[in-house]
Each structure stands twice: as C-alpha cells, then as structure tokens.
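Asks: Last residue of the sequence shown: number 481 in this note's numbering, and the count goes up by one each step with no gaps. C-beta atoms are modelled at their ideal positions from N, C-alpha and C, and glycine is treated no differently.
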Amino acid sequence: MLQKTRGIALSYLRYRETSIIARVYTEEFGLQSYIVNGVRSAKSKSNKIAMFQPLTLLEMVVYYKDDRDLHRLSEAKTSYPFQSIPFEVAKSSMAIFVTEMLTKTLKEEASNPMLFRFLIDSVLFLEDARTNYENFHLTFLLKLSFFLGFGPESAREFEDQLHENSVPFLADDELTNALNTMLRQPLGTAIKLSRSGRNELLDALVSYYKIHIDSLGEVKSLPVLREVLG
252 MLQKTRGIAL SYLRYRETSI IARVYTEEFG LQSYIVNGVR SAKSKSNKIA MFQPLTLLEM
312 VVYYKDDRDL HRLSEAKTSY PFQSIPFEVA KSSMAIFVTE MLTKTLKEEA SNPMLFRFLI
372 DSVLFLEDAR TNYENFHLTF LLKLSFFLGF GPESAREFED QLHENSVPFL ADDELTNALN
432 TMLRQPLGTA IKLSRSGRNE LLDALVSYYK IHIDSLGEVK SLPVLREVLG
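1) Can you have a look at threonine 541 and say buried or exposed, based on whether 16 or more other CB atoms are within 10 angstroms of its CB?
2) Under DSSP, the alpha helix (DSSP H) around serine 325 begins and ends at which residues?
3) With DSSP run on the structure shown, which of helix, strand or coil describes tyrosine 315?
4) Return helix, strand or coil for alanine 273, following the three-state DSSP convention.
5) Taking the beta strand (DSSP E) that serine 263 falls in, what are its first and last residues?
6) Since phenylalanine 387 and methionine 345 should fall inside the 8 Å C-beta cutoff, what is the C-beta to C-beta distance between them, to a whole number of angstroms?
7) When burial is assigned at 16 or more other CB atoms within 10 Å of the CB, is methionine 433 buried or exposed?
8) Count the other CB atoms within 10 Å of the CB of alanine 361; is the residue buried (16 or more) or exposed (fewer)?
9) Using the Cβ count rule (16 or more neighbours within 10 Å means buried), how would you classify glutamate 268?
10) Measuring alpha carbon to alpha carbon, tell me which of Phe409, Lys358, Met252, Gly402 ends up nearest serine 466.
11) By the DSSP assignment, the beta strand (DSSP E) with valine 287 in it spans what residues?
12) Under DSSP, the alpha helix (DSSP H) around aspartate 454 begins and ends at which residues?
13) Between arginine 421 and serine 445, what straight-line distance do the alpha-carbon atoms span, to the nearest angstrom?
14) Got a sec? Which residues, its chain only, sit under 6 Å from asparagine 428 by beta carbon, not counting five neighbours each side?
15) Spell out the partners DSSP gives glutamate 310 in its beta bridges.
16) How close, in whole Å, do the beta carbons of valine 340 and valine 479 come, if the pair is a contact with beta carbons under 8 Å?
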C-alpha cells in the first residue's frame, strides 16, 4: 500500500547493477530500508543518489507492508536542499559521524514523533548555523541518549557511569561546565571548550554509548572527525 512519509537519509549500499538499498529514518514507520531502482544507471538523467547522502531531508511515497523488512520507494524529493552540510568539511564530517551513530543505535521500526522532531530540528540547526556549531556532534549525542533511554542527568552521573565501567575519564572544570551546559541548553549555545577537551569528551561519549549498546562496535568515522573538529 502506498504511504506518504517524511524521512532522514542515513546511509545506502549498492544493490545489483543500478540500484541501492537506502536506510532512512521515517516519521511514520521509524527506521526502514528501501530499494531505490535505477539511481546508478548511466542513463539516469538526474543525480537521485545524492538524495541519500547523510542527513538529507526527504519527502517520500513508499510501498509499505508491516510484515516486510525491505520496502520499495515510489517517489522521493528533497524537502530542504542543503547549501552547507555537503560542502563544508566540518559539517560534512559531523554529518557522517552522526549518521553512523544513528545507524548503529536506532533499531525501532515504529513511529516516534518526538525523536523524529528532535532529529529534524538538529539537522536544520547544523545546516543553517554559521557560528557556535563546533560542538554540535557532542551535544547531539548527549541529547540523543535520552531518547535511547540512557541519558545522564548531570556531568557527575556521566562521569560516574564511565568510572563504574573502568573507562578513564576525569572531568576538569571546563569539561564539567561544558557537559552540564550541553545537557541543559539547546543546540547552538556557546560553550567554551578547548581542542583537547573536545577530543576527550568525544572519546568519552563514544565509550558511554558502548557501555549502553553492546553492538556499537568500531565507529569508523571517529578518527576523521577527531582530526577535523578536535
């Protein structure tokens, strides 16, 4: 049955000669996989594959059956064409990291309006921001953890959980203040954080996620993100 839904592109892999299988977090159905035909064909007149780059916001018409893991896409268009995320190294590095973390952590194949709204608002912030986005990836992970069911209430709780699981992390005043601000304030709030502090907090956050999600595994985009944004 044909259904309309908004979606956020996460990743894709090649499928047969000319198609892809796209992973999309949708407003109506949660995390879904779609076969997209013909996007890699030399005869394709439009660059449709670009619609499935990290965090692209989509409006879709899909074939949906609740007893299937793989669905087909009827129509798709970009609802908010990006002018900065794909073209600025810092933002594109964040987008790749965020989509990898979302792909590893989002499992629910059901509608979650509050989570979807959070993701949309976060993507729009990153796209439109001109200042105060250097800590976006850190604040995003902290806020996402609440939707996943393991958000810390304070910097102290965050640090205690790491210590209980033998993760070495000692928050000085800078890191403590940064963590508490990220937890309590919206994206885009100015936060004083040094390069070394940003790297330390990034590693701590990934370790925190690994404590709560056994299947997280290696985060392949982490070294590049650390180098670009540290």
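Replies: Short version:
1) Beyond the ends of the chain as shown, which are 252 and 481, falls residue 541; an answer cannot be given.
2) DSSP places serine 325 outside any alpha helix (DSSP H); the residue lies instead in the beta strand (DSSP E), whose first and last residues are 321-329.
3) The answer is coil: DSSP assigns tyrosine 315 none of H, G, I, E or B.
4) DSSP places alanine 273 in strand when its eight states are reduced to three.
5) A quick correction: the sequence has tyrosine, not serine, at residue 263. From DSSP, the beta strand (DSSP E) with tyrosine 263 extends over 253-266.
6) About 6 Å; that satisfies the 8 Å criterion.
7) It is buried - the Cβ of methionine 433 has at least 16 other Cβ atoms within 10 Å.
8) Exposed.
9) Result: exposed.
10) Serine 466 has its Cα closest to that of Lys358, out of Phe409, Lys358, Met252, Gly402.
11) Looking at the DSSP string, the run of the beta strand (DSSP E) that includes valine 287 is 281-287.
12) Annotation: the continuous alpha helix (DSSP H) that includes aspartate 454 extends over 446-463.
13) In the sequence under discussion, the amino acid at residue 421 is leucine, which differs from the arginine named in the question. When rounded, the distance between both Cα atoms is 15 Å.
14) Within the same chain, asparagine 428 has no close Cβ partners at all.
15) Note: glutamate 310 sits in a beta bridge opposite Arg257, Lys328.
16) Between valine 340 and valine 479 a beta carbon distance of about 6 Å is seen, short of the 8 Å cut, so the two are scored as contacting.
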